[in-house]
Amino acid sequence: MIAVRLRMASTLLGAAIVLAVAGVALLAPLLVPHDPFAQDLMTRLVPPMWLDGGQAAHPFGTDQLGRDYLSRLIYGARISMLIGIATVVTSGLIGTTLGVLGGFFGGWVDDAVMFVITCRLSIPLVLVALAVVSLVGSSLSVVVLTLGLLLWDRFAVVSRTTTMQVRNLDYVSAARAAGCSRVSIMLREVLPNIVHHLAVVATLEMALAILLEAALSFLGLGVPAPLPSWGLMIAEAKDYMFFTPWVIQIPGIALFVLVLGINLLGDGLRDLLGAARDA
Amino acid sequence: MISLLLRRLALALMVTLTVLTISFALTRLSGDIAVSIAGPAASAEDVAIIRKTYGFDRPLPVQFVDWVRSAASGDLGRSYLYRQPVSELIRDRLPTTLKLGVSALLLALFTALPLGILAAMREGSLVDRGVMLVALVGQAMPGFWLALLLIIQFGLNLQWLPIAGAEDWTGYVLPAIVLAFSAIPALMRLTRSGMIDALSSDYVRTARAKGLSRASIVLKHAARNAAMPVVAISAVQLGALLGGSIVIEAVFALHGVGYLAWESISKNDFPVVQAVVLFLAVIYIALTLIADLFNAVLDPRLRAA
Amino acid sequence: MTPETVLEVRDLRVRFGTGVDAVRGVSLGVRAGETHCLVGESGCGKSVTALAVMGLLARGATRNAALVAFRGTDMMALSEREMARLRGDKIAMIFQEPMTSLNPAFTIGSQMAEVLERHRGGGRRRALDRAAGLLGRVGVSAPGMRLAQYPHQLSGGLRQRVMIAMALMCEPELLIADEPTTALDVTVQAQILRLLVELQRDLGLAILLITHDLGVVARVAHRVSVMYAGEVVESAAVDELFAAPSHPYTRALLACVPVPGTVRRDQPLGSIPGTVPRMRPGFVGCAFRARCRYAMDVCAEAVPERLRAPGHRYLCQLAA
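Following this line, the structure appears as structure tokens:
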């Protein structure tokens, strides 16, 4: 009983975090106290208001260029959410298509799909993402596309196995016997029955995409400055962290809390929808 | 067993060829590679000279066949930046990355396995909840950020450990901890769920009905069956750790293969990038191959296949 | 009870963490050389009774009893360590699913040998010799070769023979068999039953056999206890029970078994409408009353135990 209640509470907490960050991202222009790009060299590295020397005008302080940290943090939520959602949509389309095809047709189609998945898994993720962004040129859309083209493997694996399970169920055989086309069977009978597994994968991939974007931006090969990506904020503030640790703590906590929220939501969905434990 | 080995080897070879193609294509993404190498200040003649010297004026298929042929013979090209063979560069940097990756994996295994088993034995208890919480936190923690926090705490505030470089083993402590932290959640969850399945299985009930000791039931009968997915994931994780160490090596200024790759990417030293991608992929392929074979030893049912 | 009683259970109760009473005051005795059959539909608590006796209940289930005695020792008072010393040694158990009850990762020989090593010591060589001998005894061909094989290489019937041989490693006095033939083909079922009867005759085993199959009961049982919703509703010697079934549930159960020559083709086979109810704590009265054709108002009150003949008891408001 306690376990069930705890699970409920953590799921709700996760949903609340994700909704809150999404809301902040949507309403960013209305919420920010300052222009997140406006530099003011007179007020550089003002500490947040709970520390000595903090100013009420800058609740989370300012960065090394005097930009309001809270405003940058709020705009950073936009980047993280955008990256997370756009990557999941791209990779979800690629991975699900491959997985459903392989699982539905079996035979050489499945062999081919498995081969593509194996190849993808052999490619070092961070390295290739860095290389692509560096060679093509860093921009938000390049990061989204790169991550989307790289993170589809789990979608493919899960949709492949679940399609195999669904394929042999009675209503699918019935639809086949009734002469429905293969495409319509895949879209109308198979997809709705595996979509709850894919929802769980989507949360995992969203969290991973957000963390990867932060890591790429941190290494200077992700979202370009002056966009306030949380990873980039940490990178830019790194030189000051020994004197003013809050400059890396604040964006890091934001990143951690968002990813934690997504994972809590994913775990809750998994239990709620009865998806496979190791999906 | 032999046919399994042969099929796995054939698959590994095909995957390697595909990765070769991808790593070649990757470096041609930027359009005119001679322009990138020459840099913004170069004149048109400079670019033309570079194009000729490196053979970029030849048709792409010819360049590709050339790259595959030399890669197969162990020649991974020459670095523009260091002006020495890439294979030498990788060989010099590899020990650092290997030390880091292997110690991180060992650290992760020694943490994740006992905790995962303990959590499974007391499913639903406080211990179990604590373990799951650690997994959740580990999953959400950005590695580079944890690295910075540890540097501030243990490097600056307490001054226990160096914050950069690897003069001696102390330089590996923080990077290995950070890297291990990224592998622990998956290993721990998998150990736990595998052990929960095994402990509630019919054969464990039989083992209990035989009056076997608790140690034998948990560590022999259950763990042997829960081990297979853990072995597979450990291989994958070691591959991921070697690949993921690029971020950690950059933060801690550890001059391993990851650092080399990061440096080459930033400076358009594309033969190095191409070679490191291939190198890491081959390591990953080899690791999964070894894991498959090891599992065949663990599971008699696979041996027959 | 008489001194040769091997297992005596008095007023055994098992409650699940989910708030269900799976076993509600079961009493039974098994004597040396005797097969005691526990019959009932699935969900009636017969397997749970067996697991409770062995101390093998899943987590979340609690057991309670006035007495669970093996050869006069109260097993309720034993620690888990002491119980483990008894299990596999003096008391052995085999299960319904031979396909999954053996560990897929170890050879037959290693799984059999570890029982003797655990309880008697004496090294692997001796244990393997004994294992090979027992495999031969239970009718496994080429026993020496089987020792090196893995479970997946054997058929279901062979695996069940291996389970039986494994149970005999330490010459147990009591064998608890939980639906040992249910998962097997009909021909194999007959072979396994015959083997159990032979072994009992040769070794003087006391057997507690759990089954839902009255055909099995008729072939092997000396005594029968009929379980319904966690209670033994009727208990008698096997001939007595078949000749004079007294509880309405026993009668309904017997009516479901077609007897050749008495069934007309146009007549439907008998069945008992409804299912076994889940018993919540605090339930009073006869659990069968919702499905019973003789149900009366008084059935909602505490049910008396009636004695039909010496050794033949049943729980019902109806006098014989």
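Chains as they are written, first to last, in my numbering: chain C, 5 to 283; chain S, 64 to 368; chain V, 49 to 368. Note that the Cβ used here is the ideal one computed from N, Cα and C, for glycine as well. As the structure is a prediction and not an experimental result, all values here were calculated from the model.
Query	Result
DSSP state of Q147 of chain S mapped onto helix, strand, coil	coil
Residues that T110 of chain V bridges to, as DSSP identifies them	V:R63
Cut-off 7 Å between Cβ atoms - residues of its own chain near V205 of chain C, not counting five sequence neighbours on either side	R158, F159, V162, A283
Endpoints, the beta strand (DSSP E) within which G73 of chain V is located	69–79
DSSP-derived helix/strand/coil call for S158 of chain V	helix
Selected residue, minimal CA-CA separation from K3 of chain C, among C:L231, C:F222, C:P230, C:G270	The question about residue 3 of chain C has no answer, for chain C in this structure spans 5 to 283.
P292 of chain S and V149 of chain S closer than 7 Å at C-beta	no
Meets three-Cβ-pair contact criterion under 8 Å: the segment 77–89 of chain V and the segment 341–353 of chain V	no
Closer than 9 Å at the beta carbon, the chain C residues around L251 of chain S	Looking at the sequence itself, residue 251 of chain S is Met, so the reference to Leu does not match. Residues of chain C passing the Cβ test: none, with the nearest at roughly 13 Å.
Whole-angstrom C-beta distance between Y276 of chain V and A335 of chain V, which should lie under 8 Å	6 Å
Burial state of L225 of chain C (16 or more Cβ within 10 Å)	buried
Cross-strand partners of Q253 of chain C (DSSP beta bridge)	Q253 of chain C is not bridged to any residue.
Secondary structure of M102 of chain V, DSSP reduced to three states	helix
Where M275 of chain V falls: helix, strand or coil (DSSP)	strand
Validate contact between the segment 67–77 of chain C and the segment 37–52 of chain C using beta carbons, cut 8 Å, 3 pairs	yes
Contacting residues, own chain, Cβ-Cβ under 7 Å from N288 of chain S (five flanking each side not counted)	A261
Cβ neighbour criterion (16 or more within 10 Å) applied to H167 of chain V	buried
Beta carbon of T150 of chain C nearer than 7 Å to that of A133 of chain C	yes
Straight-line gap, G265 of chain C to L17 of chain C (C-alpha atoms, nearest Å)	7 Å
Local Cβ density within 10 Å of H295 of chain V, reported as buried at 16 or more and exposed below that	buried
Pairwise C-alpha distance: L302 of chain V and G359 of chain V	20 Å
Chain-ordered chain V contacts of R268 of chain S [CB-CB under 8 Å]	L104, F143, S149
Under 7 Å (Cβ pairs) to chain V, residues found in the segment 311–335 of chain S	none
Chain V within 7 Å of A368 of chain S, Cβ atoms only	Residue confidence is low: A368 of chain S scores 49 on pLDDT, short of 50, so the model does not pin down where it sits. Its coordinate-derived value is still stated next. It does not; no Cβ of chain V falls within 7 Å.
is_contact[P292 of chain S, chain V] using C-beta, thresh 7 Å	no
Whole-number beta carbon distance between P228 of chain C and G80 of chain C, since they are thought to touch under 8 Å	Contact doesn't hold; Cβ gap of about 14 Å is too wide.
A171 of chain S - partner residues in DSSP beta bridges	Paired residue(s): none; A171 of chain S is not in a bridge.
Distance CB(G93 of chain V)-CB(G330 of chain V) smaller than 7 Å	no
Contacting residues, own chain, Cβ-Cβ under 6 Å from V340 of chain S (five flanking each side not counted)	S86
Cross-chain neighbours of P249 of chain C in chain S, by beta carbon under 7 Å	I215
C-beta atoms of I296 of chain S and L253 of chain S nearer than 7 Å	yes
Chain V residues whose Cβ lies nearer than 8 Å to that of R287 of chain S	N151, A153, F154
CA-to-CA distance, V117 of chain C to A219 of chain C, given in whole angstroms	29 Å
Supposed close pair V188 of chain V, L243 of chain V - CB separation, criterion 8 Å	Not really, about 11 Å apart at Cβ, beyond 8 Å.
is_contact[C135 of chain V, chain S] using C-beta, thresh 7 Å	Reading off the sequence, residue 135 of chain V comes out as Arg, not Cys. Yes, R135 of chain V lies at the interface with chain S (some Cβ there is under 7 Å from its Cβ).
Within chain S, partners of N267 of chain C - CB distance below 7 Å	L199, Q202, A203
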